[in-house]
Amino acid sequence: MCLTRITKAFFCSVIFFARLDYSPYGRGLEMYDSSYASYVSFFHIEKSQRHPVLNVFIDIVRQRLIDIRKLKYKLSIGKNQEKYEQDKLSQIRRFRWALAYTLIKNEQLKRYRKHRLCSNRVTQSKTLERIFDKIGLTQTLPRKF
Numbered sequence: 025m026c027l028t029r030i031t032k033a034f035f036c037s038v039i040f041f042a043r044l045d046y047s048p049y050g051r052g053l054e055m056y057d058s059s060y061a062s063y064v065s066f067f068h069i070e071k072s073q074r075h076p077v078l079n080v081f082i083d084i085v086r087q088r089l090i091d092i093r094k095l096k097y098k099l100s101i102g103k104n105q106e107k108y109e110q111d112k113l114s115q116i117r118r119f120r121w122a123l124a125y126t127l128i129k130n131e132q133l134k135r136y137r138k139h140r141l142c143s144n145r146v147t148q149s150k151t152l153e154r155i156f157d158k159i160g161l162t163q164t165l166p167r168k169f
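Under the working numbering, the letters of the sequence shown match residues 25 to 169, in that order.
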């Protein structure tokens with residue numbers, strides 16, 4: 025009886041266990057499974073490389089390196105400096121537009137915007153006023169009108 029259960033469990037696990045997102049070792053020993061650890065690490069790396077603020081920072085650094093290279097190239101060839109300035113200004117405008125768009129669309133930074141922080145404080149203070157009104161502590165709080 026016990027031997028049949030073990031063989032059935034073995035065959036079922038061989039057939040149905042072909043999943044990378046589940047470790048055969050259980051929750052406490054998952055990181056000892058190298059394939060599962062690689063699978064989870066892949067998602068951590070993917071998450072960190074898609075972070076919008078990190079991408080903007082990398083774009084800023086990359087843009088400065090490109091500007092330095094272009095400046096060295098333009099000065100070594102002796103091209104017209106005005107054309108380079110015009111190109112640089114248009115690149116800066118494009119880059120700032122992309123930066124503004126990225127920061128506006130960043131869902132993680134929306135809660136830190138000035139108008140959201142102010143509206144949260146007003147809501148919290150109104151909630152506290154209602155609570156203090158219910159308990160009878162309205163006279164101890166200075167009111168701002």
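Heads up, the beta-carbon is just placed ideally off N, CA and C, and yes, glycines get one too.
Note that the coordinates shown come from a computational prediction; the quantities given were computed from them, not determined experimentally.
Take the alpha-carbon of residue 95 and the one of residue 68: they are about 38 Å apart. Burial check for residue 56: the Cβ neighbour count within 10 Å stays below 16, so the residue is exposed. A Cβ-Cβ separation of about 28 Å leaves residue 64 out of contact with residue 126 under the 8 Å criterion.
Nearest C-alpha to residue 76 among 159, 66 and 128: 128.
The three-state reading of DSSP puts residue 49 in coil, since its state is none of H, G, I, E or B.
Contact annotation: residue 91 and residue 123 have beta-carbon atoms that are not nearer than 9 Å. One alpha carbon belongs to residue 108, the other to residue 78, and they sit about 28 Å apart. DSSP places residue 91 in the uninterrupted alpha helix (DSSP H) bounded by 76–101. In this structure, DSSP gives residue 70 a helical state, which the three-state scheme calls helix. Rounded to the nearest whole angstrom, the CA to CA distance from residue 85 to residue 71 is 21 Å.
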